[in-house]
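K.L.:
Take a look at this one; I'll ask things after.
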Amino acid sequence: MKFLSTRNSKLKISAREAIVKGISDDGGLFVPESFPKFNIMENLNLKYTDLAHKILSLYLTDFDSNKLLEIIEKSYTSFEGEIAKVSYKKDFYLELYHGKTSAFKDFALCLLPNLLTYAKESLGIKEKTLILTATSGDTGKAALEGFYNTENIDILVLYPTEGVSAIQKKQMDSTDSLNSKVISIDGNFDDAQSAVKKIFNDNKIKNKLSEKNIYLSSANSINIGRLLPQIVYYFYAYADLVNSKKISGGDKISFCVPTGNFGDILAGYYAREMGLPIEKLIIASNSNNVLTEFFMSGLYDANKKLKKTISPSMDILVSSNLERLLYHKSSDSVVREKMKELAASRIFTFENEFPEFLCGYADEEETKNAIAKTFYEENYLIDPHTAVAKHIVDEFGLKNTVILSTASPYKFSTAVLSSLGEKVSQDEFENIDYLYKISGVKIPREIKKLKSKKIIHDNKINKDEIEDEVLKFANRGMRIAVPATSANIGPGFDSLGLALKLYNTSELKKSKDLKSFNENVKDNLTYKAYAHTFEIYGEKIVPIDFKLNSDIPMSRGLGSSATCVVIGIMAAFSVMNKKFDKKEILKIATKIEGHPDNVSPAIFGGITASILEDEEVYVEKFKVSDKIKFLALIPDFKLSTERAREVLPKSYNKKDVVFNISHLSLLILSLISGDENNLKAALQDKIHEPYRFKFIPEINEIEKIIGKSSAIAHYLSGSGSTIMILLKENDKESEEFIRGKLKKLSGEYKLIPLEIDDKGAFII
Ligand SMILES: *Cc1c(COP(=O)(O)O)cnc(C)c1O
1 MKFLSTRNSK
11 LKISAREAIV
21 KGISDDGGLF
31 VPESFPKFNI
41 MENLNLKYTD
51 LAHKILSLYL
61 TDFDSNKLLE
71 IIEKSYTSFE
81 GEIAKVSYKK
91 DFYLELYHGK
101 TSAFKDFALC
111 LLPNLLTYAK
121 ESLGIKEKTL
131 ILTATSGDTG
141 KAALEGFYNT
151 ENIDILVLYP
161 TEGVSAIQKK
171 QMDSTDSLNS
181 KVISIDGNFD
191 DAQSAVKKIF
201 NDNKIKNKLS
211 EKNIYLSSAN
221 SINIGRLLPQ
231 IVYYFYAYAD
241 LVNSKKISGG
251 DKISFCVPTG
261 NFGDILAGYY
271 AREMGLPIEK
281 LIIASNSNNV
291 LTEFFMSGLY
301 DANKKLKKTI
311 SPSMDILVSS
321 NLERLLYHKS
331 SDSVVREKMK
341 ELAASRIFTF
351 ENEFPEFLCG
361 YADEEETKNA
371 IAKTFYEENY
381 LIDPHTAVAK
391 HIVDEFGLKN
401 TVILSTASPY
411 KFSTAVLSSL
421 GEKVSQDEFE
431 NIDYLYKISG
441 VKIPREIKKL
451 KSKKIIHDNK
461 INKDEIEDEV
471 LKFANRGMRI
481 AVPATSANIG
491 PGFDSLGLAL
501 KLYNTSELKK
511 SKDLKSFNEN
521 VKDNLTYKAY
531 AHTFEIYGEK
541 IVPIDFKLNS
551 DIPMSRGLGS
561 SATCVVIGIM
571 AAFSVMNKKF
581 DKKEILKIAT
591 KIEGHPDNVS
601 PAIFGGITAS
611 ILEDEEVYVE
621 KFKVSDKIKF
631 LALIPDFKLS
641 TERAREVLPK
651 SYNKKDVVFN
661 ISHLSLLILS
671 LISGDENNLK
681 AALQDKIHEP
691 YRFKFIPEIN
701 EIEKIIGKSS
711 AIAHYLSGSG
721 STIMILLKEN
731 DKESEEFIRG
741 KLKKLSGEYK
751 LIPLEIDDKG
761 AFII
């Protein structure tokens, strides 16, 4: 399958190239050269990811099929519960908001980064990608999550200060990935979008970026890699209706789609062209009803003032994806002409008919009424975007129609509560709790977590500063990030370790000064590891400056020295242009460190079991159950590894050894299952903790406090002094309880909740 530009159908490129480019150089969007047929009646019982694999394979013909399935399966693990879920009320709702950011954008944006990374790698493209995205709220966060710490890809998100909901804002501003920057700009979404488009068309900036081997791309729905994954859920919904006996095979159904940039509904059009029995596709607009007008009259007129509504993700005047439909209905020359008119005067006319579409719109009052009516009559809670579609379905009296439910009501709790006639608080999180109280609808996991998240990005600029911000962001040096680790987990002495979302990072700058480099090698672990790696490969050392940024406290049993070693080795790999073979890096790091229990998780992420034997490192990585949370108790007290080693006995008695072996097997399995009783029993050690805990002043008091809380268990991290506490996922009290009690002791203690890092060391 080839893809061609809507403004030049002779330009044909592969799927991988189209995904990497995002937009055609002639300003056009990529579209498939034809629509492959797909018979849903022969595929009624596939699970979502298998259906996605079958459908996407028809378009992504230059992707390795097994690799594609692997990518799809990996991407959709970020969903909570069912990936796409049809809820049968008076109407049928296709719930598309169970992804990580609680809006349908997750369907494409969890996948696109992995498709892009594969496409770049397999095409041998080494340049860095800078994703520049304007958002009306949902795309921004979904893209930030999708590209979370993705190697060789940076992402800059711009949102309008006044145009997003409180939750959307907090979601974006709290993003803690190292490859991201979030900026709010004065103005509305159209201002943000046109500022971004200006940069895409600015050759001066593009040249400055390409001198640094950086090229721009977009996560907005102009990228064909965003559109294709959305076709799948139309087929999935149809199969669900047949399987639930709501329709018979072959019956035609309709879809009503809340529409802004015309991406979601266009995917429905693609599904129809592929043979899905669709009667009508209904375009649902809010008060910014440019599309409604266009489909009724053939006149596209964007010369309007953008209205701020309670469905902000649809507050758009220029719908990018409409260009694709115009192409499918006419030709590249017509599209060229119409887009020229649109650019010049924000207006154009188009004569062709659209028999497969219907359209309508809901104003603010109608949207609110739809929320209330659905809740009180169907006992079903919908968000304002979904409500726009619901209003139109009711207005037209449509049968056999699936309403695309595009966001969780909890993303817009204030608007939903006030639509229900309830009083609202200034505090969004109080509104969320109250909405839960009256509806009983489960709050999405990630929205729950959001309350306690730190604000990382607090950048407000005006429109004409965007250019500077882009260049400043692009000018950062190469960065390596390596997670903190906690080794010697309970009975897993010298073998079991886990990686935590707390990082030492380093920015690399080429240096000409060999003398200061050599000085550094004498007394700096990172430089030593760097130089050593060059020696191993018999290459001449390239002097370099490391700007180290450590978030991990030193000599506290959190693996900070292992991170320094790994940073040095990875920097050497990168300067030598060597492929990042993690096993190779582990081998070198283990040689320098002496044992693999800290460096393994630092490199691979997750929990690792590893051993060193005859210069060979054997390592297995596994995933800890989501049911467990980690809390680091860090005393204001360093413990040297040498001292901690000296106190250990030379030999152990058989009973203690057997104790540790049996507990270790149970520990590994219960970390996977998350069974708290087993964990409590398994997390005991007779090899090092009895000797080392003594070093920590006030240890008796500390253990007493932990014992009185609802914590599952604790262990000495590494060789101390950090004590790692395991908590149940829904334990909200223990952290505050322990914090309160620690204040009464004489030592200073830090208490930090930490999540598991599943990715390990990476370079950006
Ligand atoms: C983006 C978005 C829409 C509009 O989708 P388009 O593909 O831009 O038409 C509708 N609802 C929600 C919640 C959204 O985030």
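Per full-length UniProt numbering, the sequence shown runs over residues 1 to 764. For each residue, glycine too, the CB sits at the ideal point set by N, CA and C. What you are looking at is a predicted structure, and each value in this text was computed from that prediction instead of being measured.
Can you tell me whether D636 is buried or exposed? The criterion is at least 16 other CB atoms within 10 Å of its CB, across all chains shown.
P.N.:
Working through the sequence shown from its first residue, we reach residue 636 at position 636. It counts as exposed.
K.L.:
Using three-state DSSP, classify R7 as helix, strand or coil.
P.N.:
Here residue 7 is taken as the residue at index 7 of the sequence shown, counted from 1. Three-state result, R7: coil.
K.L.:
On the three-state DSSP scale, how would you describe C110?
P.N.:
Against the sequence shown, residue 110 aligns to sequence position 110. Correct three-state label for C110: coil.
K.L.:
Within a Cβ cutoff of 7 Å, which residues of the same chain sit near D757, ignoring the five residues on either side of it in sequence?
P.N.:
If you number the sequence shown from 1, residue 757 lands on position 757. Cβ within range, chain order: P483, A499, L500, K501 and G605.
K.L.:
Would you check if the distance between the CB atom of S721 and the CB atom of L639 is smaller than 8 Å?
P.N.:
If you number the sequence shown from 1, residue 721 lands on position 721. If you number the sequence shown from 1, residue 639 lands on position 639. Yes.
K.L.:
Assuming the contact rule is C-beta atoms closer than 8 Å, T6 and L29 should be a hit. Round their C-beta distance to whole Å, please.
P.N.:
Counting from 1 along the sequence shown, the entry for residue 6 is found at position 6. Counting from 1 along the sequence shown, the entry for residue 29 is found at position 29. Between L29 and T6 the Cβ distance is about 5 Å, and since that is below 8 Å, they are a contact.
K.L.:
Do you know whose CA, among E642, I231 and N203, lies nearest residue 768's CA?
P.N.:
The chain is shown only over 1 to 764; residue 768 falls outside these bounds and no answer can be derived.
K.L.:
Note the first and the last residue of the continuous alpha helix (DSSP H) segment covering N207.
P.N.:
As a working note, residue 207 is residue 207 in the sequence shown. Its alpha helix (DSSP H) spans residues N203 to E211.
K.L.:
Assess, as a yes-or-no matter, whether the stretch 328-337 is touched by the stretch 356-371 under the definition of 3 or more beta carbon pairs within less than 8 Å.
P.N.:
No: the two stretches stay apart, fewer than three of their Cβ pairs being nearer than 8 Å.
K.L.:
Could you check where the beta strand (DSSP E) with L724 kicks off and where it finishes?
P.N.:
Along the sequence shown, one-based indexing puts residue 724 at 724. The identity of residue 724 in the sequence shown is Met, whereas the question assumes Leu. M724 -> beta strand (DSSP E) spans I723 to K728.
K.L.:
Just to check, is the beta-carbon of P409 closer than 7 Å to a non-hydrogen atom of ligand 1?
P.N.:
The sequence position of residue 409 within the sequence shown is 409, counting from 1. It does not: the Cβ of P409 is nowhere closer than 7 Å to a heavy atom of ligand 1.
K.L.:
Contact defined as beta carbons within less than 8 Å: I believe L109 pairs with A219. What is the distance between those atoms, to the nearest angstrom?
P.N.:
As a working note, residue 109 is residue 109 in the sequence shown. As a working note, residue 219 is residue 219 in the sequence shown. The Cβ separation is near 7 Å, so the contact holds.
K.L.:
Contact check, K680 vs A713 under 8 Å by CB: the rounded distance?
P.N.:
By 1-based counting over the sequence shown, the position of residue 680 is 680. By 1-based counting over the sequence shown, the position of residue 713 is 713. With a Cβ gap of about 5 Å, K680 and A713 count as contacting.
K.L.:
Taking 7 Å as the cut-off, is the CB of I265 close to at least one heavy atom of ligand 1?
P.N.:
Position 265 of the sequence shown, counted from the start, is the residue given in the question as residue 265. Correct: I265 has its Cβ closer than 7 Å to ligand 1.
K.L.:
Check for me: the alpha helix (DSSP H) holding F534 runs from which residue to which?
P.N.:
The sequence position of residue 534 within the sequence shown is 534, counting from 1. L525 to I536 is the extent of the alpha helix (DSSP H) around F534.
K.L.:
Starting from the Cα of K252, find the closest Cα among R476, L44, V647 and L241 and give me that residue.
P.N.:
As a first step, residue 252 must be located in the sequence shown, where it is residue number 252. Closest by alpha carbon: L241.
K.L.:
For K128, which residues does DSSP report across the bridge?
P.N.:
Here residue 128 is taken as the residue at index 128 of the sequence shown, counted from 1. DSSP output for K128 lists I214 as bridge partner(s).
K.L.:
So what's Y234 in DSSP terms, helix, strand or just coil?
P.N.:
In the sequence shown, residue 234 corresponds to position 234, counting from 1. Of the three classes helix, strand and coil, the one that applies to Y234 here is helix, per DSSP.
K.L.:
If you scan the stretch 373-440 from start to end, which runs of the alpha helix (DSSP H) of 4 or more residues do you find wholly inside it?
P.N.:
Complete alpha helix (DSSP H) runs here, min 4: 384-396, 413-419 and 428-439.
K.L.:
Kindly give me the distance between the Cβ atoms of S136 and D315, rounded to whole angstroms, as I take these residues to be in contact under 8 Å.
P.N.:
Translated into positions along the sequence shown, residue 136 becomes position 136. Translated into positions along the sequence shown, residue 315 becomes position 315. Correct: roughly 6 Å between the Cβ atoms.
K.L.:
Indicate, with yes or no, if ligand 1 has a heavy atom lying under 7 Å from the CB of K307.
P.N.:
For this step, residue 307 is matched to residue 307 along the sequence shown. Because no heavy atom of ligand 1 lies under 7 Å away, the Cβ of K307 does not count as near it: no.
K.L.:
Could you tell me which residues DSSP pairs with E507 in its beta bridges?
P.N.:
On the sequence shown, position 507 is the one that residue 507 refers to. Per DSSP, R479 and K547.
K.L.:
State buried or exposed for E735, treating a residue as buried only when at least 16 other CB atoms are found within 10 Å of its CB.
P.N.:
Within the sequence shown, residue 735 is the residue found at index 735, counting from 1. The residue is buried, with at least 16 neighbouring Cβ atoms inside 10 Å.
K.L.:
On a CA-only basis, which of K329, T150, A562 and N488 is nearest A644? Give me that one, please.
P.N.:
Within the sequence shown, numbered from 1, the residue matching residue 644 stands at position 644. Per the Cα distances, N488.
K.L.:
Can you say whether Q426 is buried or exposed, counting buried as having 16 or more other CB atoms within 10 angstroms of its CB?
P.N.:
By one-based count along the sequence shown, residue 426 stands at place 426. Exposed: under 16 other Cβ atoms inside 10 Å.
K.L.:
Does at least one heavy atom of ligand 1 sit under 7 Å from the Cβ of M172?
P.N.:
On the sequence shown, residue 172 is found 172 positions in, with the first residue counted as 1. False, no ligand heavy atom lies under 7 Å from that Cβ.
K.L.:
Which value, in whole angstroms, describes the spacing of the CA atoms of P113 and I569?
P.N.:
By one-based count along the sequence shown, residue 113 stands at place 113. By one-based count along the sequence shown, residue 569 stands at place 569. Distance between the alpha carbons of P113 and I569: 26 Å.
K.L.:
What I want to know is whether the C-beta of S313 ends up closer than 7 Å to one or more non-hydrogen atoms of ligand 1.
P.N.:
Walking along the sequence shown from the start, residue 313 turns up at place 313. Yes; taking the cut-off as 7 Å, the Cβ of S313 has a heavy atom of ligand 1 nearer than that.
K.L.:
Short check: CB of Y436 to CB of I447, under 8 Å?
P.N.:
As a working note, residue 436 is residue 436 in the sequence shown. As a working note, residue 447 is residue 447 in the sequence shown. No, Cβ-Cβ distance for Y436 and I447 is not below 8 Å.
K.L.:
Regarding S330 and ligand 1, is the C-beta to nearest heavy atom distance less than 7 Å?
P.N.:
The residue you call residue 330 lines up with position 330 of the sequence shown. For ligand 1, not one heavy atom lies less than 7 Å from the Cβ of S330.
K.L.:
Helix, strand or coil for V624, going by three-state DSSP, please let me know.
P.N.:
Numbered from its first residue, the sequence shown carries residue 624 at position 624. Correct three-state label for V624: coil.
K.L.:
What is the DSSP secondary structure of I592, counted as helix, strand or coil?
P.N.:
The residue labelled residue 592 in the question sits at position 592 within the sequence shown. Correct three-state label for I592: helix.
K.L.:
For the beta strand (DSSP E) containing H714, list its first residue and its last residue.
P.N.:
Here residue 714 is taken as the residue at index 714 of the sequence shown, counted from 1. Segment A713 to L716, the beta strand (DSSP E) holding H714.
K.L.:
On the three-state DSSP scale, how would you describe K308?
P.N.:
Looking up residue 308 in the sequence shown gives position 308. Coil at K308, not helix or strand.
K.L.:
Rounded to whole angstroms, what is the Cα-Cα separation between D581 and S65?
P.N.:
Taking the first residue of the sequence shown as 1, we reach residue 581 at position 581. Taking the first residue of the sequence shown as 1, we reach residue 65 at position 65. Their backbone Cα atoms lie some 23 Å apart in a straight line.
K.L.:
Which value, in whole angstroms, describes the spacing of the CA atoms of K750 and P690?
P.N.:
Here the question's residue 750 lines up with position 750 in the sequence shown. Here the question's residue 690 lines up with position 690 in the sequence shown. In a straight line, the C-alpha of K750 is about 23 Å away from that of P690.
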